[in-house]
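A.B. asks: The sequence shown begins at 85 in this note's numbering and counts up one residue at a time.
Glycine residues also receive a C-beta, built at the ideal position from the N, C-alpha and C atoms.
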Amino acid sequence: MKHKFLLTSLAALALSACNVTNYQAAEPTAAPHDIKEAKVKLSGIDNIKVTDDGYITYFESVPHGYMWDTQVIKQMSQEGACENLYDFLELGFVVKIGFKGEGGREEHFDLARCNAEETN
């Protein structure tokens, strides 16, 4: 009986961990005037783009033969979105941070995700 409970608990934990890595961000709700302002404020930063529908995108890549470290991806994307761009998230933007190349992936952040990760 104890083993069955332990296996059930571990399975639930594993599934919840999968949900965190496959987070589905909400659609952006940023107002048109905030989008225009964000485009101006972020225009001087390399690799950042602000779309007309409220996404802020940032992509980095590694050269052929190199591979991304998943811990680096996790730390860089969380810091970039939840610390550096938090004010924009509060305005309804969604941040997409992508890491191109071997081992790379794309992370999406909205205000709810950053607030949830802050409490974990």
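1. Rounding to the nearest angstrom, what Cα-Cα distance links cysteine 198 and phenylalanine 183 in this structure?
2. Check whether the Cβ atoms of tryptophan 152 and glycine 185 sit closer than 8 Å, and answer yes or no.
3. Got a sec, what are the start and stop residues for the beta strand (DSSP E) isoleucine 132 sits in?
4. Would you say aspartate 130 lies against chain B (beta-carbon separation less than 8 Å)?
5. If you follow the alpha helix (DSSP H) that serine 161 is in, where does it begin and where does it stop?
6. Do valine 178 and alanine 115 come within 8 Å of each other at the CB atom, strictly closer than that value?
7. Can you tell me where the alpha helix (DSSP H) with glutamate 174 in it begins and where it stops?
8. Less than 7 Å separating the Cβ of aspartate 118 from some heavy atom of the ligand SAH?
9. Excluding five sequence neighbours on each side, which residues of the same chain lie with their C-beta closer than 7 Å to the C-beta of glutamine 162?
10. What are the start and end residues of the alpha helix (DSSP H) that includes histidine 117?
11. Shortest alpha-carbon distance to tyrosine 142 belongs to which of Leu126, Thr113, Glu121, Ile119?
C.D. replies: According to the data block:
1. A straight line joining the alpha-carbon of cysteine 198 with that of phenylalanine 183 spans about 19 Å.
2. yes
3. It spans 132-134 - the beta strand (DSSP E) in which isoleucine 132 sits, taken as one unbroken run.
4. The structure shown contains no chain B; it holds only a single protein chain.
5. 154-162
6. Taking 8 Å as the Cβ cut-off, alanine 115 and valine 178 do not qualify as a contacting pair.
7. 170-174
8. Judged by which ligands are present, the structure shown has none, so any question about the ligand SAH falls away.
9. Glu201
10. 116-125
11. Taking only the C-alpha atoms, the option nearest tyrosine 142 is Leu126.
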